[in-house]
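In what follows, a single structure is set out as structure tokens and then discussed.
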Amino acid sequence: MITRIEIDGFKSFLDFELDVPPFLTLAGPAAGGKSNLFDALAFVADEVGGPGGLLGACRGAPHEQFHRVAAGEPVPAFTVAVESLVAPEPGALLPVRFDTGAEMVLRIPRSTGPVVSHAVRGLPEDLLRLIVADPDPETTPGRTVASWRRHAPVPQAMRGRCSPDDRGPLAADGANLAAVLGRMAGTAALADLAADLAALVPDAVAIVPRTERGTSSFDLVMDGQGAVPAALLSDGTLRVLGLLTALHDPDHPVTLLVEEIERGVHPARLRELLRRVRQRVAEPGGAEPYRQVILTSHSPVVVAELYRTAPDALTFLDAVTRVDPGSGRVSRVTVAKPVQADGEPGTFVSPRQIREYLGAAA
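For the sequence shown, position 232 (counting from the first letter as 1) is numbered 232 according to the UniProt record's numbering, and the numbering increases by one without interruption.
Following this line, the structure appears as structure tokens:
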């Protein structure tokens with residue numbers, strides 16, 4: 001589970017720090033830096049367990065990952081640090097910190113290499129008692145970042161058949177949805193998943209995984225329609241089913257990174273979807289696999305619901321103009337603003353500002 005993110009010089013971030021709870025929603029206008037934050041996490045994951053963060057960049061060329069200013073060259077280096085907690089066994093916790101970065105050398109960007117440490121900072125007393133030594137230092141870093149998974153469902157891919165031998169977690173695009181549901185067949189997890197789906201897709205009665213001719217598929221039993229094959233399900237139904245499947249998977253702990261959770265979901269169902277998602281969140285160290293959710297949203301419905309039920313889980317990301325007092329360098333940077341009653345101007349979003357935001361969107 002990710003607990004803290006520090007970014008300096010990557011894309012829209014300078015001296016950025018964010019403490020991350022088990023459930024977090026990043027709200028705000030477009031171009032505020034929400035996708036850039038997920039890109040920063042992807043950089044760390046690729047540095048630690050992949051081909052290298054600059055080579056694996058999903059948006060932009062390697063030199064475009066460096067913070068750009070209004071006039072002049074981009075910054076010459078950036079760093080991205082992530083602190084997390086992993087559970088090597090039930091009732092035990094291991095803090096892991098990843099320090100990564102890149103620099104320009106003769107105009108050629110190159111990674112500086114990841115550093116893995118075990119920092120303990122700011123943990124509550126009840127969690128400190130669970131801290132243990134790393135039982136498997138060779139594989140812990142890779143397994144940790146592998147659990148950070150971007151959820152970007154592609155309904156067309158989710159309709160397709162796949163290999164029943166796929167035992168992995170749900171792919172980012174959901175292409176192995178049928179295999180994951182097949183792996184969950186006959187378990188309490190699939191029954192719980194079907195109950196959550198029925199609350200969001202009222203006509204849904206049951207999920208029926210199938211394996212035929214060496215491939216996996218599934219049907220959704222609908223009230224009054226019978227078994228409807230995946231190929232005929234709507235985009236919205238598949239998006240909701242994919243998200244719930246990732247959260248109900250009993251075999252793979254996950255930090256799920258969800259962009260624009262409202263996409264393809266009817267506004268009338270968003271509140272219930274948020275409630276169901278929050279119910280699936282579980283911190284590491286318990287008997288169940290941990291589940292963390294970090295999602296982004298532009299939706300006033302999402303902001304209103306979380307402001308009402310979980311304001312501590314709501315942070316606004318916004319882009320502001322910053323002038324470096326030493327160099328006079330001007331650039332647009334992302335700032336994180338939690339919801340709170342007072343504080344230093346420009347560092348938080350007040351209840352009055354929330355009400356004005358929601359009123360303007362009504």
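Where is the CB? At the ideal position from N, CA and C, for every residue including glycine.
Just confirm the distance between the C-beta atoms of residue i and residue j, as a whole number of angstroms; I'd bet it's less than 8 angstroms.
i: THR315; j: LEU130; result: Actually they do not touch by this definition, with Cβ atoms about 27 angstroms apart.
i: PHE43; j: PHE10; result: 7 angstroms
i: LEU220; j: VAL258; result: Going by Cβ atoms, the distance from LEU220 to VAL258 rounds to 21 angstroms, so no, they are not a contact pair.
i: LYS337; j: ASP318; result: 6 angstroms
i: MET1; j: PRO229; result: Not confirmed; about 36 angstroms, so no contact.
i: VAL96; j: THR144; result: 5 angstroms
i: ALA199; j: ARG278; result: In fact, because the Cβ distance is near 13 angstroms, the residues do not count as touching under 8 angstroms.
What did DSSP end up calling residue i once you bin it into helix, strand or coil?
i: ARG121; result: coil
i: VAL48; result: helix
i: PHE98; result: strand
i: SER327; result: coil
i: GLY226; result: strand
i: ASP126; result: helix
i: LYS337; result: strand
i: ASP166; result: coil
i: MET158; result: helix
i: ILE261; result: coil
i: ARG149; result: strand
i: VAL240; result: helix
i: THR139; result: coil
i: SER111; result: strand
i: THR347; result: coil
i: ALA313; result: helix
i: GLU83; result: strand
i: residue 386; result: With the chain running from 1 to 362 in the structure shown, residue 386 is simply not present.
i: SER234; result: coil
i: PRO202; result: coil
i: GLU73; result: coil
i: ARG213; result: coil
i: PHE43; result: helix
Report the option in the options whose CA atom is closest to the CA atom of residue i.
i: HIS151; options: ALA157, THR140, ALA171, ARG167; result: ALA171
i: GLN340; options: ARG332, VAL349, VAL333; result: VAL349
i: PRO289; options: LEU256, TYR307, ARG263; result: LEU256
i: VAL333; options: ALA70, ASP203, SER327; result: ALA70
i: ALA133; options: PHE78, LEU85, ALA157, GLY174; result: LEU85
i: ASP223; options: ARG239, ALA206, LEU274; result: ALA206
i: ARG107; options: PRO76, PHE98, PRO155; result: PRO76
i: LEU358; options: PRO155, GLY174, VAL240, ARG308; result: ARG308
i: ALA30; options: ILE354, VAL320, ALA268, ARG329; result: VAL320
i: VAL154; options: ASP136, GLU138, PRO169, ASP173; result: ASP173
i: ARG110; options: ALA360, GLY286, SER297, PHE78; result: PHE78
i: VAL80; options: VAL115, MET158, ALA231, ARG271; result: VAL115
i: SER297; options: GLY56, ALA282, ARG271, ARG322; result: ARG271
i: TRP148; options: ARG278, PRO22, HIS118, GLU305; result: PRO22
i: GLY33; options: ALA282, ARG59, LEU54; result: ARG59
i: LEU54; options: ASP8, THR112, LEU18; result: THR112
Counting C-beta neighbours from all protein chains within 10 Å, is the total for residue i 16 or more, i.e. buried, or is it exposed?
i: GLY242; result: buried
i: ARG280; result: buried
i: THR3; result: buried
i: GLN292; result: buried
i: SER327; result: exposed
i: ALA227; result: exposed
i: ASP39; result: buried
i: residue 364; result: Past the edges of the chain, shown from 1 to 362, lies residue 364, and the structure says nothing about it.
i: THR187; result: exposed
i: THR139; result: exposed
i: ALA87; result: buried
Are there three or more Cβ pairs, one per stretch, closer than 8 angstroms when the stretch 110 to 129 is compared with the stretch 168 to 179?
no
Are the stretch 49 to 64 and the stretch 157 to 166 in contact at 8 angstroms, needing three or more beta carbon pairs?
no
At least three beta-carbon pairs within less than 8 angstroms, the stretch 101 to 118 to the stretch 37 to 55
yes
For the stretch 179 to 195 and the stretch 234 to 251, state whether three or more C-beta atom pairs, one from each stretch, are separated by less than 8 angstroms.
yes
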